[in-house]
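Student:
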Amino acid sequence: MRGRFSEMPMFKIVLPILVGVGAAIAAEVFLKDSFLPLLVLSAVSVTAFVYLFVFRKLSVQRQFALRPTEGVAISVVLIAIGYALTWLNATTHYTNHFSKIQKADGFYVAVIRQPLLEKENILTTTAEVEQVYSEGKAINTQGQILLNFLRDSNSEQLQYGDRVVLQTKPEEFDAPQNPGEFDFKLYQSFHRIYHRAFLKPDDWKVLSSGNGNWLFENVYALRQQFLEIIRTYITDKNDFAVASAMLLGYRDFMTDEVVQAYASSGALHVLCVSGLHVGIIFLIMNSLLGWLDKHGTKWRIIKAVFIILFIWFYACLSGLSPSVMRAATMFSMIQTGKVLYRHVNIYNVIAASILVLAVFNPYIVTEIGFRLSYLAVFGIIYLQPKIYTLLVVKNKILNKAWEITAVSIAAQIATFPIGLYYFHQFPNLFFVSNLLVIPLSGFIMYVGVALIALHAVPIANIVLGKALAGMIWVLNQSIFLADKIPYSRTEGISIAMWEMLMIYMVIALGCVYTETKRPKVALATLAGVLLLAVMFSYDWYTDKTSRQLVVYKVKNKKAIALLHNGQVLHDFDEALLSNKSSMLFHVRHHWWSLGVKNEKNISAFAQKLPFGKLISCGGYKVLIVDSTLEKYSHDFENKLQADYVVLSQNTKVYLENLCKAIDFKQLIFDSSNREWRVSYWKKDCEKLKLDYWDVNEKGAFVVSL
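According to numbering that gives the first Met the number 0, the sequence shown is numbered sequentially starting from 0.
#1: Using only the heavy atoms of the ligand ATP, determine whether one of them is closer than 7 Å to the beta carbon of A64.
#2: Does the beta-carbon distance from P114 to Y159 come in below 8 Å?
#3: Output the distance between the C-alpha atoms of Q383 and G464, rounded to the nearest integer angstrom.
#4: Taking 7 Å as the limit between beta carbons, can you name the residues of its chain near A375, skipping five residues before and five after?
#5: Less than 8 Å between the CB atoms is what I'm expecting for I233 and L246, so what's the real figure, rounded?
#6: Ignoring anything shorter than 3 residues, give me the beta strand (DSSP E) runs that lie fully in the region 419 to 487, in order along the chain.
#7: Which of the three DSSP states, helix, strand or coil, is assigned to V533?
#8: Along the alpha helix (DSSP H) that carries Y82, what are the first and last residues, could you check?
#9: Does the region 19 to 30 come close enough to the region 83 to 101 to have 3 or more Cβ pairs within less than 8 Å?
#10: Are the region 499 to 518 and the region 597 to 614 touching, with three or more C-beta to C-beta distances below 8 Å?
#11: Spatial neighbours of N147 within its chain, please: C-beta separation below 8 Å, excluding the five flanking residues on both sides.
#12: If we require 3 or more residues per run, which beta strand (DSSP E) segments fall completely within the region 142 to 204?
#13: Please report how far the alpha carbon of T544 lies from the alpha carbon of H563, in whole angstroms.
#14: Between A314 and A303, is the Cβ-Cβ spacing less than 8 Å?
#15: Leaving aside the five residues before and after Y346 along the sequence, list all residues of the same chain whose C-beta is less than 6 Å from its C-beta, in chain order.
#16: If we count the other Cβ atoms within 10 Å of its Cβ and call it buried at 16 or more, is G105 buried or exposed?
#17: In the DSSP assignment, find the unbroken alpha helix (DSSP H) run with V652 in it and report its ends.
#18: With distances taken from CA atoms, which of N637, F172 and I306 is nearest F281?
#19: DSSP three-state call for G289: helix, strand or coil?
#20: If contact is defined by three or more beta carbon pairs under 8 Å, each pair taking one atom from either stretch, is the region 423 to 442 in contact with the region 468 to 488?
#21: So I667 is in the beta strand (DSSP E); what residue range does that whole segment cover?
#22: Under the rule that 16 or more other beta-carbon atoms within 10 Å means buried, what is A357, buried or exposed?
#23: Shortest alpha-carbon distance to F52 belongs to which of I73, Q60, S33 and L38?
#24: Ignore the nearest five residues each way along the sequence and tell me which others in I363's own chain have a CB closer than 6 Å to its CB.
#25: Verify whether the separation of the beta carbon atoms of V131 and A174 is less than 8 Å.
#26: Should I458 go down as buried or exposed, given a rule of 16 or more other Cβ atoms within 10 Å for buried?
#27: With the cut-off set at 8 Å, would you say E244 and I478 are in Cβ contact?
#28: Counting only runs of 4+ residues fully inside the region 494 to 539, write out the alpha helix (DSSP H) ranges in chain order.
#29: Does the Cβ-Cβ distance between M329 and I349 come in under 8 Å?
#30: Three or more C-beta pairs closer than 8 Å, one from the region 201 to 216 and one from the region 159 to 171: is that the case here?
#31: Name the one or two DSSP bridge partners that I121 has.
#32: So, is E712 buried or exposed, given that buried needs 16 or more other C-beta atoms within 10 angstroms?
#33: Mapping the DSSP letters down to three states, classify A266 as helix, strand or coil.
#34: According to DSSP, is R1 part of a helix, a strand, or is it coil?
#35: What three-state label does DSSP hand T489 in the structure shown?
#36: Within this structure, are the beta carbons of S670 and K554 separated by less than 8 Å?
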């Protein structure tokens with residue numbers, strides 16, 4: 000093992016740099032704009048650098064004795080480099096960031112840096128803020144902003160590189176308002192975007208066009224032309240969405256239905272141009288041009304240059320998305336390594352590609368796709384040969400099927416822990432679906448590229464167009480059919496980050512054991528498995544015994560839930576329940592974290608009252624008031640007893656009358672109530688000295704029962 004590691008010097012460089020990148024990102028998240036970590040690390044790294052200088056002056060014998068300290072000092076310097084690169088890429092601590100202008104007049108000049116993403120009612124893009132007007136003067140600034148244009152005929156004409164003047168006030172992203180909710184603010188901060196603006200037609204105006212990067216302008220224009228070519232031959236909405244995603248990395252046309260079907264079957268990776276696509280091109284190009292290797296170094300260099308140029312041409316063709324840039328960089332380095340050395344260490348090349356990407360954009364390590372890509376590559380390179388040799392198949396067709404299955408299994412082993420953590424599901428039939436998906440996606444890519452290249456050639460374009468449409472149809476129908484198979488996926492899985500890391504530790508120990516066959520490593524692996532079993536058993540027990548009342552914050556919607564014993568009793572607006580994306584964003588991650596398996600309407604378990612519902616849970620009583628109370632209040636001979644009262648759906652309630660009819664500990668105003676009505680209730684609460692919680696103002700109300 001030590002000998003192998005000595006062949007991978009790039010790992011010794013990239014690992015401490017990634018530690019520095021991670022430390023800088025953690026400091027940004029938890030310490031905000033504090034300079035203290037940077038100052039401390041600077042002092043330590045300078046000390047380490049001085050020590051290395053002194054170390055070189057020592058005698059050879061002394062250097063040999065202190066050799067471990069040299070490695071530590073070098074690692075400290077590399078960690079500092081990673082931290083500094085990340086700090087320099089962040090922008091909020093710069094004094095000329097547009098958010099630092101305290102007396103802004105509300106006029107901002109920005110250049111659109113991304114093609115606009117089309118949604119139902121809005122168009123979304125990112126822009127670089129170049130100037131801010133303050134007290135009538137233009138101040139040069141920097142910093143990105145997320146722009147949301149109300150969709151109309153004018154906003155639909157906006158393009159990459161347009162310079163626009165905005166009359167608005169940027170606002171910071173909201174932190175998550177519900178337990179388990181996706182942290183959109185954190186996600187955007189990893190892209191160095193900290194503010195957004197919602198723009199009506201009168202809030203903006205185009206000043207000029209063509210202010211973007213020349214390369215990207217042409218790439219985006221070329222991609223649009225290719226989209227129109229594909230649209231000519233593929234008219235079905237879902238088929239066109241899949242074709243544009245697979246061939247060009249353009250996912251704006253994807254529907255939730257398509258994404259869910261591909262995710263369930265374990266084939267979601269084909270919907271974005273990634274390592275699989277570029278890897279197939281890389282292997283085929285090497286196979287087609289392999290004869291050049293026999294004609295000397297000169298021809299090997301020509302072959303490498305041609306393959307690298309072709310890979311990057313395809314990267315441009317797909318819009319230079321982050322996933323394809325990762326793959327293009329890695330395979331370009333692999334091809335270069337093959338020219339420079341006959342026996343290239345693939346792991347060293349992988350480490351080098353990570354280093355190059357992290358140097359240019361340290362925040363790329365925060366992208367799920369970045370981690371999934373490299374984990375999958377590692378799984379395929381390291382695990383697939385070991386899995387493949389477990390079964391000897393003499394039939395050529397069956398052997399090819401087993402080879403593809405081994406690839407799928409290897410990639411799943413390497414990626415399933417992070418998949419469980421982020422996506423909360425596992426595709427049970429991944430090995431079956433990939434038998435079709437992997438080879439068919441390769442054919443689709445080549446036919447698609449051929450169609451784009453030969454779209455002006457009569458007959459050839461028709462044949463290729465029909466062939467592409469047919470293959471996409473077969474792929475989609477197969478995926479939708481697999482999605483309907485019972486138990487094709489396991490949903491609602493929720494693990495903590497430390498549990499994910501523990502799973503990876505067990506996998507790593509298992510890999511070490513296959514290399515060393517040491518009994519101690521086997522015992523450590525078994526101990527890790529046992530610890531995981533204890534962790535999951537504890538989670539199951541706490542989920543079973545926990546009881547919670549949660550009033551979620553979902554704009555203008557009623558969302559009240561009682562969670563206990565692995566089930567949820569909910570009182571939700573039907574429009575919210577039927578909206579899968581809203582439920583996933585605001586609610587479902589929390590339900591999964593508590594092990595919810597059964598969902599039931601609260602009405603079947605509550606005592607129905609003319610003005611709402613009363614339900615008991617764990618000795619606590621919760622009253623949901625969603626209708627008028629006044630005309631019923633005089634009918635109570637004795638006061639109702641409740642611990643929590645939730646006022647919902649703009650119920651007509653005067654709190655003085657409520658107090659006469661009901662004894663309670665705390666009031667909750669849910670997010671379905673209008674602001675003006677809540678303001679009246681708040682005044683009455685202050686007057687009557689009542690404890691209350693405004694979900695719209697403070698976020699979700701969560702209490703253990």
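The C-beta atom is built at its ideal place from N, Cα and C for all residues, glycine as well.
Tutor: Reading off the structure:
#1: The model on display carries no ligand, and the ligand ATP is accordingly not part of it.
#2: Within the sequence shown, the letter at position 115 stands for residue 114. Within the sequence shown, the letter at position 160 stands for residue 159. Here P114 is near Y159, since their CB atoms are less than 8 Å apart.
#3: Translated into the one-based positions of the sequence shown, residue 383 becomes position 384. Translated into the one-based positions of the sequence shown, residue 464 becomes position 465. Annotation: Q383 to G464 spans about 35 Å, alpha carbon to alpha carbon.
#4: In the sequence shown, residue 375 corresponds to position 376, counting from 1. The residues are G274, A410, A413 and T414.
#5: Indexing the sequence shown from 1 puts residue 233 at position 234. Indexing the sequence shown from 1 puts residue 246 at position 247. The distance from the Cβ of I233 to that of L246 is about 10 Å, inconsistent with a contact at the 8 Å cut-off.
#6: Runs of the beta strand (DSSP E) inside the region 419 to 487: 424 to 426.
#7: As a working mapping, residue 533 is identified with position 534 in the sequence shown. If DSSP states are grouped into helix, strand and coil, V533 belongs with the helices.
#8: Here residue 82 refers to the residue found at position 83 of the sequence shown. It spans R66 to N88 - the alpha helix (DSSP H) in which Y82 sits, taken as one unbroken run.
#9: Between the region 19 to 30 and the region 83 to 101 there are three or more inter-stretch CB-CB distances shorter than 8 Å, so the stretches are counted as touching.
#10: The region 499 to 518 vs the region 597 to 614: no contact.
#11: Position 148 of the sequence shown, counting from 1, holds the residue named residue 147. Cβ-Cβ distances below 8 Å link N147 to I121, L122, T123, R195, A196, F197 and L198 in the same chain, with the five nearest sequence neighbours on each side left out; the list follows chain order.
#12: Here the runs fully enclosed are 143 to 149, 162 to 166 and 192 to 198.
#13: Here residue 544 is taken as the residue at index 545 of the sequence shown, counted from 1. Here residue 563 is taken as the residue at index 564 of the sequence shown, counted from 1. Cα to Cα, the separation comes out at about 7 Å.
#14: Along the sequence shown, one-based indexing puts residue 314 at 315. Along the sequence shown, one-based indexing puts residue 303 at 304. In this structure, A314 lies away from A303, with their beta-carbon atoms at least 8 Å apart.
#15: Here residue 346 corresponds to residue number 347 of the sequence shown, with the count starting at 1. Excluding sequence neighbours, Y346 sits near M7.
#16: Position 106 of the sequence shown holds residue 105. Answer is exposed; the Cβ neighbour count stays below 16.
#17: As a working note, residue 652 is residue 653 in the sequence shown. Note, V652: premise wrong, no alpha helix (DSSP H); not H, not E.
#18: Mapped onto the sequence shown, residue 281 falls at position 282. For the set N637, F172 and I306, the Cα lying nearest the Cα of F281 is the one of I306.
#19: Your numbering for residue 289 matches position 290 in the sequence shown. For G289, the three-state secondary structure derived from DSSP is helix.
#20: Enough Cβ pairs lie closer than 8 Å, so yes.
#21: Taking the sequence shown and counting its residues from 1, the one referred to as residue 667 is at position 668. That run of the beta strand (DSSP E) goes Q665 to F668.
#22: Reading the sequence shown from its first residue, position 358 is the one you call residue 357. In this structure A357 is buried. Its beta-carbon is surrounded by 16 or more other beta-carbon atoms within 10 angstroms.
#23: Mapped onto the sequence shown, residue 52 falls at position 53. Put simply, of I73, Q60, S33 and L38 the residue whose alpha carbon is nearest the alpha carbon of F52 is I73.
#24: Taking the first residue of the sequence shown as 1, we reach residue 363 at position 364. In its chain, beyond the 5 residues on either side, L356 and F369 have a beta carbon closer than 6 Å to the beta carbon of I363.
#25: The sequence position of residue 131 within the sequence shown is 132, counting from 1. The sequence position of residue 174 within the sequence shown is 175, counting from 1. Not a contact, by the Cβ cut-off of 8 Å.
#26: Counting from 1 along the sequence shown, the entry for residue 458 is found at position 459. Result: exposed.
#27: Sequence index remark: in the sequence shown, residue 244 carries index 245 (1-based). Sequence index remark: in the sequence shown, residue 478 carries index 479 (1-based). A small fix is needed here, since residue 244 is Ala in this sequence, not Glu. Cβ atoms of A244 and I478: not closer than 8 Å.
#28: Within the region 494 to 539, the complete alpha helix (DSSP H) segments of 4 residues or longer fall at 496 to 515, listed in chain order.
#29: For the purposes of this step, residue 329 is taken as the residue at position 330 of the sequence shown. For the purposes of this step, residue 349 is taken as the residue at position 350 of the sequence shown. Yes.
#30: Yes: at least three Cβ pairs fall under 8 Å.
#31: Position 122 of the sequence shown, counting from 1, holds the residue named residue 121. Its beta-bridge partners are L149.
#32: Nothing can be reported for residue 712: it is not among the residues displayed for the chain, which extend from 0 to 704.
#33: Looking up residue 266 in the sequence shown gives position 267. Coil, per DSSP.
#34: Counted from its first residue, the sequence shown places residue 1 at position 2. Below a pLDDT of 50, predicted positions are generally treated as unreliable, and R1, at 49, falls in that range; the measurement from the model is reported next regardless. Reduced to three states, the DSSP call for R1 is helix.
#35: In the sequence shown, residue 489 corresponds to position 490, counting from 1. In the structure shown, T489 sits in a strand (DSSP, three-state: E or B).
#36: Residue mapping note: residue 670 aligns to position 671 of the sequence shown, counting from 1. Residue mapping note: residue 554 aligns to position 555 of the sequence shown, counting from 1. Here S670 is near K554, since their CB atoms are less than 8 Å apart.
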